[in-house]
Amino acid sequence: MTVNVIIEIIISIMIIIGGLLSILAAIGVIRLPDVYTRTHAAGISNTFGVSLLLFATVGYFFHSGEGFNARVLLAVLFIFLTTPVASHLINRAAYDTGVPLAIRIRDQLRSVKKDDIKKKKSLIIRQEQIEKARQEREELEERMEWERREEKIDEREDQEEQEREREEQTIEEQSDDSEHEIIEQDESETESDDDKSEK
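With this note's numbering applied, the sequence shown has no gaps in its numbers, which climb one by one up to 198 at the end.
See the structure below:
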């Protein structure tokens, strides 16, 4: 056997396997019981089936001398990247919208989702409690700040009142002193007048 025959056999095997996988994907889409298993069959089989067919195409054209076609390899890469993601998103959307599973399949994700929902609820409640405590603390700090301000205002008013009282007291003392001086002066003048009158 020559190298050309071996390459043709490999290309033929790739075409046969790719075609069989594509047929299996089509049968799986028709025969499987629910959307989840159908998209799984279509995604896995289609990815490998179409990829093998495209690799066989690249090998055939390269072997026949028509050259290497990079666009076909880019198509293989694109299929490898997009088909699993698309089938996963289809399954996720079906599950989230409540598409029922087949009767024989047990839903293990439901209990996990319930636990997740409980955790999310408890987390939300905890965050609300933390937010409420933070708001109460801020309100308490504001109240304390207002009380401090009022205390400072009261202290200032008390100091001003004490200063006023001191000033009034000093004014009264000064007025009393000046009255005493005036009285003493009057007395001394009257005494001096009396003394003059006696002489």
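Beta carbons: idealized from backbone N, C-alpha and C, even for Gly. All values derive from a computational prediction rather than experimental measurement.
Next on the checklist: Pop quiz: A93 and V28 are said to be a contact at Cβ under 8 Å. What is the actual Cβ separation, rounded to whole angstroms?
Outcome noted: Between V28 and A93 the Cβ distance is about 14 Å, and since that is not below 8 Å, they are no contact.
Checklist entry - What does a CB cutoff of less than 8 Å around I237 pick up in its chain, not counting 5 residues either side in sequence? => result Examination of residue 237 is not possible in this model, given that the chain is present from 0 through 198 alone.
Checklist entry - Would you call the CB atoms of L20 and G66 closer than 7 Å? => result no
Checklist entry - Using a Cβ-Cβ cut-off of 7 Å (strictly less than) and excluding sequence neighbours within five positions of A74, which residues of its own chain qualify? => result Within the same chain, A74 has close Cβ partners L53.
Item to check | Burial state of A101 (16 or more Cβ within 10 Å) | outcome: Classification for A101: exposed.
Checklist entry - Is it true that the CB of G42 sits closer than 7 Å to the CB of P99? => result In this structure, P99 lies away from G42, with their beta-carbon atoms at least 7 Å apart.
Checklist entry - alpha helix (DSSP H) containing E40: first to last residue? => result The sequence shown places Ala at residue 40, rather than the Glu named in the question. Looking at the DSSP string, the run of the alpha helix (DSSP H) that includes A40 is V34 to H62.
Checklist entry - What is the DSSP secondary structure of T96, counted as helix, strand or coil? => result coil
Checklist entry - So, helix, strand or coil for N68, using DSSP? => result In the three-state reduction of the DSSP assignment, N68 falls in the coil class, being assigned neither a helical nor a strand state.
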